[in-house]
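Report on the structure given below.
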Amino acid sequence: MAIARTGELTAAEAALRALVTQEPKLDYAWTNLGIVQERLGKHEDAERSYRQALALAPEQQSAWDCLTRLYGRTGRSAALETELRGLLETKQDSVALRTALAVTLLQQKKLEPAATEAKRALKGDERHTHAMQVLAQVYYREGKHELARMVLENARDIAPADAATRNALGLVYLALNVRPQALEEFKEAAKLRPDFAEARNNFGAMLNEAQDYAAAVTELEAAVRSAPDFAAARLNLGNAYRGTGDFERSKAEYERVLELRPQQPDPLFNLAILYLDVEPPGGDPVGRYKTALTYFERYEAQGGKDDRIPQYTKDARKSIEREERRLERERKDQLRKAAELEKAQKEAAKQAPDATVTTPASPPPAQDGTHAPTDTARSPVTPGTTAPGAVSQPGTQAAPPRAESTPAPTPAKAGSGKLADDRN
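Below you can see the structure in the form of structure tokens.
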């Protein structure tokens, strides 16, 4: 999977296809092939690969995990639930099947049945960490955060290198408001599995919250490389780019979320905040604030609610009025300066006398045996007024000349604006 982690998914698919062609009984190679195919958007091919892995190893938990997640992402959890219940009629002691069924029920928000199946799996194997993860997620969704914490900490003791446990524990710590521990769990999960999109998204979101935007960009770019259609990660990546002041990239991520989730209002809110906080390159200040107001209107029209919007819109309208007044002052000032310059030029033209240059008569021819005197002086210029210099504005003094070696002062950077909280 090293090739896939560098983003070279097509090369990874070709390499894994070659491997399963040479060694068709390598069940985990089929699972890895399915993972790569799923990331390439080849869902049908991915399903065939996962099922081939399960045909070779019916109890392979990784293949079942991948298959249940694929069905969940494509809205077919109910169909897989029916299939799994049928398989369990003849394999009631299968821990892998029980756990897969628990995951499928959890995807459908059937919390009580999901907990029941997870507990049945744990009766078959009390150290089955994946079943523990499912049970903990049920407790988490029911608001039983302490129970979820105890289950996951037990799972972590059994398998410290299980990235899914570390990620789930991070979510529970967040719910318990133990943020430093949550950050560490997400960080460890991302380290254990660099292609674990959910863990890298969660870690990146917390880095955004800590305003470590450069580090957040690194994590969130990795998340969307692993899962290009992961809308929440793209929204968070847009926030990270906004934090670094990268207007164009931030805008592109928010617009991509709108493509993926047209009915989700959150990217509209974030686009509005982007236009308030970051100046678009070559943008019109008035147009910028008007665009922000338009996005706030669209956000509320799609059912979005945020208590800060009235203040944001008030500030935006004040900014529009301030910019319009400034532009009007600049326009009048330019007209005044142009009129003064024209007047000064006319007065200078009236005061300057015509300057004429006379050419001296040729010296008389020299007498025989003598030389004409050598004229070393330039042709004289008739006296008159000196050429007018640059016209300064009335009431001001001309600025002293700046030495050519003295650089112009560098303008100070504009202060950063306020950022909205991340909205997942």
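Here the sequence shown is numbered in the working numbering, starting from 98 and rising by one per residue. For glycine and all other residues, C-beta sits at the position ideal for the given N, C-alpha and C.
Report the option in the options whose CA atom is closest to the CA atom of residue i.
i    : options                : result
E144 : L167, L137, F344       : L167
E350 : N336, R395, P359       : N336
A218 : T226, K447, L203, R195 : R195
K348 : A111, L365, K241       : L365
G131 : E223, D162, N274       : D162
Q308 : Y338, K284, K288, K139 : Y338
K188 : V200, A175, G221, Q230 : G221
A176 : A261, Q149, A108, Q205 : Q205
P325 : G340, Y310, R353       : R353
P121 : A150, V200, A109, L368 : A150
D124 : T165, A152, A261, T391 : A152
T391 : A272, N367, Q230, D404 : N367
G342 : T315, R322, V321, L371 : L371
E135 : D259, M247, L184, R322 : R322
T226 : P210, E243, A258       : A258
G138 : L106, A112, A449       : L106
Y310 : E444, G340, E316       : G340
T420 : G380, E306, E156, L273 : Thr is not the amino acid found at residue 420; the sequence shown has Glu there. Answer by Cα proximity: G380.
Please report how far the alpha carbon of residue i lies from the alpha carbon of residue j, in whole angstroms.
i    : j    : result
G401 : A212 : 33 angstroms
E427 : K440 : 20 angstroms
A389 : A228 : 46 angstroms
E376 : E141 : 44 angstroms
Q154 : A126 : Checking the sequence shown, residue 154 turns out to be Ala, not Gln. Spanning the two alpha carbons is a distance of roughly 12 angstroms.
V383 : E250 : 54 angstroms
P407 : P362 : 17 angstroms
A435 : N333 : 50 angstroms
A256 : A313 : 27 angstroms
N129 : T171 : 19 angstroms
E178 : V192 : 15 angstroms
D190 : L116 : 33 angstroms
Q158 : A279 : 27 angstroms
L355 : K429 : 43 angstroms
R358 : R433 : 53 angstroms
Y147 : A369 : 42 angstroms
L344 : K411 : Inspection of the sequence shows that residue 344 is occupied by Phe rather than by Leu. Straight-line Cα distance between these residues: approximately 23 angstroms.
A233 : R385 : 46 angstroms
R395 : L202 : 35 angstroms
D404 : A261 : 35 angstroms
E110 : A160 : 17 angstroms
L438 : K415 : 34 angstroms
R173 : I417 : 49 angstroms
L289 : Y409 : 41 angstroms
T294 : K387 : Checking the sequence shown, residue 294 turns out to be Ala, not Thr. When rounded, the distance between both Cα atoms is 36 angstroms.
A94  : Q431 : Limits of the chain in this structure are 98 at one end and 521 at the other, which puts residue 94 out of reach.
R422 : Q360 : 38 angstroms
M247 : E214 : 19 angstroms
A108 : L271 : 38 angstroms
G169 : K216 : 21 angstroms
R346 : P378 : 12 angstroms
Q119 : E156 : 23 angstroms
P480 : L424 : Low confidence applies here, because P480 scores a pLDDT of 35, under 50, leaving its location unreliable; read the following figure in that light. If you take the alpha carbons of P480 and L424, they lie about 48 angstroms apart.
F393 : Q442 : 52 angstroms
L273 : E306 : 17 angstroms
E316 : K284 : 10 angstroms
Compute the beta-carbon to beta-carbon distance between residue i and residue j, rounded to the nearest angstrom, for a pair I have assumed lies under 8 angstroms.
i    : j    : result
E282 : L304 : Their Cβ separation, rounded to whole angstroms, is 14 angstroms, which puts E282 and L304 out of contact at 8 angstroms.
P291 : A319 : 7 angstroms
A302 : A286 : Not confirmed; about 13 angstroms, so no contact.
F327 : N299 : 12 angstroms between Cβ atoms; not a contact.
R263 : R253 : 7 angstroms
A197 : L181 : 6 angstroms
A413 : L373 : 6 angstroms
V200 : V235 : About 11 angstroms separates the two Cβ atoms, so there is no contact after all.
V269 : H242 : 6 angstroms
L113 : V133 : 6 angstroms
Verify the contact flag: residue i, CB atom, against every heavy atom of the ligand COA, threshold strictly below 7 angstroms.
i    : result
E156 : The ligand content of the structure shown is nil, which means the ligand COA is not present either.
Tell me, please, whether the CB atom of residue i is closer than 8 angstroms to any CB atom in chain C?
i    : result
Y396 : In the structure shown, chain C cannot be found, because there is only a single protein chain.
Whole alpha helix (DSSP H) elements within the stretch 202-247, 4-residue minimum: Counting whole runs of 4 or more residues, the stretch 202-247 contains the alpha helix (DSSP H) stretches 208-221, 226-238.
Every unbroken alpha helix (DSSP H) within the stretch 173-206, with a cutoff of 4 residues, ordered by chain: Scanning the stretch 173-206 for uninterrupted alpha helix (DSSP H) segments of 4 residues or longer gives 174-185, 192-204, listed from N- to C-terminal end.
Within the stretch 382-438, ranges of the alpha helix (DSSP H) (whole runs, at least 4 residues): The stretch 382-438 contains these whole alpha helix (DSSP H) runs: 382-398.
Beta strand (DSSP E) segments (min. 3 residues) lying fully within the stretch 343-369: For the stretch 343-369, not a single whole beta strand (DSSP E) run of length 3 or above is found.
Whole runs of the alpha helix (DSSP H) within the stretch 244-288, excluding any shorter than 4 residues: Those alpha helix (DSSP H) runs which fall completely within the stretch 244-288 and span 4+ residues are 260-272.
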